[in-house]
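Novice: Dropping the structure in here first, questions after.
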Amino acid sequence: MSTSAPPQVHFRTCNLCEAMCGVRIEVADGHITSIKGDAEDPFSRGHICPKAVALRDLHEDPDRLRHPLKRTASGWERVSWEDAFRDISQRLHDLQKEHGPNSVGAYLGNPNVHNLGAMMFGPGLLRALRSRNRFSATSVDQLPHQLAAHLMFGHQLLVPIPDIDRTRYMLVLGANPLASNGSLMTTPDVRARLRAIQERGGKVVVIDPRRTETAGIADQHVFIRPGTDALALFSLLHVVLEGDAHRMGRLAAFVDGLDTVVPLVRDFPPERTAPHTGIAPGVLRGIARDFLAADGAVCYGRVGVSTQPFGSLCQWLINVLNIVTGNLDREGGALFTLPAFDLIGGPRAFGVGPGSHGRWKSRVRGLPESSGELPVAALAEEILTPGEGRIRALITLAGNPVLSTPNGTQLDTALGQLDFMVSVDPYVNETTRHAHYILPPASLLERGHYDLVFHVLAVRNTAKYSPPVFPAGPDSRQDWEILLELQHRLETLRKGRSVRAMLQHQALKRMGPERILDLGLRMGPYGSRFHPLKKHGLSLAKLRAAPHGIDLGPLKPSLPGRLRNRSKRIQLAPELLVADVARLRAAFPDDAAPREGELLLIGRRHLRDNNSWMHNVPGLVKGRPRCTLMIHPDDASRLGLAEGANATIRSRVGEVTVPVAVTADVMPGVVSLPHGYGHQRPGIRQQVASAHAGASINDLTDDQALDVVSGNAAFSGTPVQVRPA
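Following UniProt numbering, the numbering of the sequence shown begins with 1 at its first residue and continues without gaps.
Okay, here's the thing in structure tokens:
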């Protein structure tokens with residue numbers, strides 16, 4: 001009589017979003033039998049969201065590629081890794097030799113920051129390309145945060161993190177952490193943490209054009225017209241700084257620029273901005289006074305305020321509000337993290353650069369570089385516009401920009417005109433269907449994991465390493481192995497073979513991500529370098545011995561020491577941002593009012609499908625269709641639209657047709673479509689996603705609409721016309 005072996009138990013961090021929830025995975029006979037929250041994880045404390053269970057579905061997905069593919073006249077053909085590497089490197093080298101290094105572009109998608117190997121070995125491949133045509137999801141999402149941090153605090157990752165577990169007043173603009181799990185504020189079980197604010201006598205206030213899931217549990221929700229958040233923030237500061245008052249406290253000793261900010265805010269009383277924002281002056285004045293009176297308050301703004309024409313002003317003003325009220329670098333306000341692997345203050349070899357801006361510009365439109373990347377809104381035009389420096393080949397790493405960047409239809413057309421394209425990706429999707437080669441990495445559960453970036457953005461300092469659940473197959477390659485091999489072959493073709501280069505390549509190959517991680521932990525603020533008894537310092541071995549993770553404590557005040565500019569002083573009024581205030585004034589003159597009948601399109605996300613590649617998981621797309629156009633009852637009545645009927649939405653760049661959802665959860669004059677849909681394009685190999693195709697909001701968003709300071713895409717507030725289909 002045979003008996004099956006007892007299940008093996010693995011503890012991991014879910015890396016499908018930013019929350020870093022701990023999971024408990026049971027495996028029997030090589031198959032996952034259970035995924036639950038890890039009650040002993042010190043950060044997530046047993047909480048998981050529905051996405052965690054999708055780890056199994058993604059690993060077992062029959063549509064996930066498991067070997068390299070080459071596109072031929074008769075379709076996709078399987079090829080060996082050796083043949084793929086040899087042909088790819090040779091063709092990229094030949095193109096750059098003939099047309100220059102900038103003829104090859106690169107795009108990095110959001111999943112790269114959830115991937116230890118990609119984070120560590122992706123930069124090497126980009127350096128080997130020597131191209132200035134680098135793009136990523138950063139400029140459709142968070143670039144204003146990083147630019148403001150770079151200009152004010154000296155490092156692009158010095159993003160102030162809300163001390164959500166101790167604050168007594170949380171003001172949220174353009175963010176929906178109940179759906180995002182706290183983007184750029186890594187926060188597992190955010191619902192419980194927000195309710196805890198209320199339970200200790202505090203208050204949660206949301207300002208948003210939509211009554212989001214977060215607004216639904218807040219103490220106060222205030223509608224605001226899309227694209228006017230900078231005006232509202234200036235008005236809040238106007239009230240806070242009336243009479244030249246401020247409450248910076250100890251921050252005043254190392255803050256420069258208050259004398260510049262005070263005259264600026266005088267021009268924006270709530271009475272002046274109300275016709276544009278739609279917020280009654282008394283409401284804004286009340287919020288400002290409550291914020292000042294709270295014993296620990298924090299303002300937090302996310303995608304909705306970043307993805308608009310004044311996104312950089314918004315993120316700057318949010319920081320200014322936290323600073324002048326004395327709520328930066330204090331418990332209950334906004335603090336900086338001290339992660340175990342310190343990308344900010346650690347050794348240069350392990351860190352991310354402090355950032356840069358405007359060192360070069362894009363060829364066609366002259367858009368500025370930020371931290372070595374150009375705005376992705378320029379990618380299509382850099383392919384389509386003839387002339388020297390045109391992008392002729394593209395490498396995409398774990399991204400689907402056809403669905404995630406503005407004017408996706410134009411980019412879809414552009415990708416079809418490339419001379420050569422390579423995608424490191426596990427799927428044939430809307431973007432990779434254009435590739436000449438697709439190189440699929442091992443699955444999420446076949447690689448070790450440590451969150452390099454999200455520990456920098458977390459509401460508590462913790463550390464956790466997740467070993468692989470399954471061994472990679474014999475024909476599999478890890479992301480980092482693919483990237484390192486392409487880097488080595490490109491460098492060899494350019495420079496020729498050398499013993500030194502071979503030894504360096506072999507050394508990196510032997511180290512892999514884990515040994516580099518170990519070195520970074522040892523050199524970090526909790527590592528053996530800082531302990532007389534080295535055995536007490538943090539290392540990878542210590543993390544392996546603590547499968548649930550290690551709690552390193554709450555965030556603590558760290559200024560001015562944590563600042564990374566030469567002066568060690570906060571720059572409250574960076575010239576680049578102060579100069580942009582004139583553009584804001586010009587856009588909203590006193591004698592102008594919103595155009596009657598105009599509809600402005602905003603996006604939204606759902607807890608189950610916050611990225612397009614999750615639409616191929618049956619459990620995450622089941623239930624009522626979520627790709628609907630939310631519209632206010634007054635607008636629906638005026639336009640003759642009924643619940644469930646199809647509507648056609650048209651913008652400057654295109655049109656889509658979707659079902660209507662009539663709801664008072666959006667303010668009049670605003671309509672909302674979710675992000676990440678549009679799986680109707682031919683040639684993709686994602687059966688579940690194709691059956692729930694929906695329509696892409698980015699077939700409507702405009703590549704010409706930008707925050708001109710940073711180059712970030714301005715998705716929020718796209719003017720559209722809506723009619724019955």
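Each residue gets a CB set at the ideal place from its N, CA and C atoms; glycine is no exception.
#1: With C-beta atoms as the reference, is A435 less than 7 angstroms away from L95?
#2: Looking only at DSSP bridge pairs, what is Y107 linked to?
#3: Do W480 and F121 have their beta-carbon atoms positioned less than 7 angstroms apart in this structure?
#4: Going along the chain, which unbroken runs of the beta strand (DSSP E) with 3 or more residues stay wholly within the segment 436-507?
#5: Give the straight-line distance between the Cα atoms of V708 and F454, rounded to the nearest whole angstrom.
#6: Does the beta-carbon of S637 have 16 or more other beta-carbons within 10 angstroms, so that it is buried, or is it exposed?
#7: Pick helix, strand or coil for D707, following the three-state DSSP scheme.
#8: Give, in chain order, every unbroken run of the beta strand (DSSP E) that is at least 3 residues long and sits entirely within the segment 274-308.
#9: Helix, strand or coil for R127 per DSSP?
#10: Kindly indicate which three-state DSSP category I344 falls into: helix, strand or coil?
#11: Let me make sure I understand the geometry here. Which of L292, G408 and P209 has the alpha-carbon closest to that of G654?
#12: Roughly how many whole angstroms lie between the Cα atoms of G227 and A587?
#13: Cutting at 6 angstroms between CB atoms, please list the residues of its own chain near V238, excluding the five before and the five after it.
#14: Residues in the same chain with beta-carbon distance under 6 angstroms from E485, minus the five sequence neighbours each way, listed in chain order, please.
#15: Using a Cβ-Cβ cut-off of 7 angstroms (strictly less than) and excluding sequence neighbours within five positions of V320, which residues of its own chain qualify?
#16: Does DSSP classify D83 as helix, strand or coil?
#17: Is V581 near I649, with beta carbons less than 7 angstroms apart?
#18: In terms of residues, what are the limits of the beta strand (DSSP E) holding V206?
#19: For N176, which three-state DSSP category applies?
#20: Would you list the one or two residues that DSSP bridges to residue 728?
#21: Can you give the Cα-Cα distance for M630 and L599, rounded to whole angstroms?
#22: For M502, count neighbouring Cβ atoms within 10 angstroms of its own Cβ and tell me buried if that reaches 16, exposed if not.
#23: With G355 and H150 assumed to form a contact (beta carbons below 8 angstroms), what rounded beta-carbon distance in angstroms separates them?
#24: Return yes when the Cβ of A378 is within less than 7 angstroms of the Cβ of R365, no when it is not.
#25: Taking only the alpha-carbon atoms, compute the straight-line gap between M1 and Q8 and give it to the nearest angstrom.
#26: Looking only at its chain, what residues have a beta carbon closer than 6 angstroms to the beta carbon of S371, apart from the 5 residues adjacent to it on each side?
#27: Are P574 and S312 close, meaning C-beta to C-beta below 7 angstroms?
#28: Along the chain, where does the beta strand (DSSP E) that runs through M630 open and close?
#29: Kindly indicate the opening and closing residues of the alpha helix (DSSP H) around Q687.
#30: Measure the beta-carbon distance from D189 to R45 and round it to whole angstroms, keeping in mind my assumption that it falls under 8 angstroms.
#31: Quick check on the burial criterion: 16 or more other C-beta atoms within 10 angstroms. Buried or exposed for P724?
#32: Please classify T718: does DSSP put it in a helix, a strand, or coil?
#33: When the Cα of V104 is compared with those of H93, L700 and K70, which residue comes out closest?
#34: If we count the other Cβ atoms within 10 Å of its Cβ and call it buried at 16 or more, is G473 buried or exposed?
#35: Helix, strand or coil for residue 741? Go by DSSP, reduced to three states.
#36: Counting C-beta neighbours from all protein chains within 10 Å, is the total for P554 16 or more, i.e. buried, or is it exposed?
Specialist: On the basis of the supplied data:
#1: no
#2: F135 and T396
#3: yes
#4: 437-439 and 460-463
#5: 27 angstroms
#6: exposed
#7: coil
#8: 297-301
#9: helix
#10: coil
#11: G408
#12: 10 angstroms
#13: A small fix is needed here, since residue 238 is His in this sequence, not Val. Cβ neighbours of H238 beyond the five flanking positions: V265, F268 and P269.
#14: F85
#15: L237, V261 and L572
#16: helix
#17: no
#18: K203 to I207
#19: coil
#20: Residue 728 lies beyond the range of the chain shown here (1 to 725); nothing can be said about it.
#21: 12 angstroms
#22: exposed
#23: 3 angstroms
#24: yes
#25: With a pLDDT of 46 at M1, under the threshold of 50, the modelled position of that residue is not reliable, and the figure given next carries that caveat. The alpha-carbon atoms of M1 and Q8 are separated by roughly 21 angstroms.
#26: Q156, G355 and S356
#27: no
#28: L629 to I631
#29: Q687 to A691
#30: 7 angstroms
#31: exposed
#32: strand
#33: H93
#34: exposed
#35: There is simply no residue 741 to check, as the chain begins at 1 and stops at 725 in what is shown.
#36: exposed
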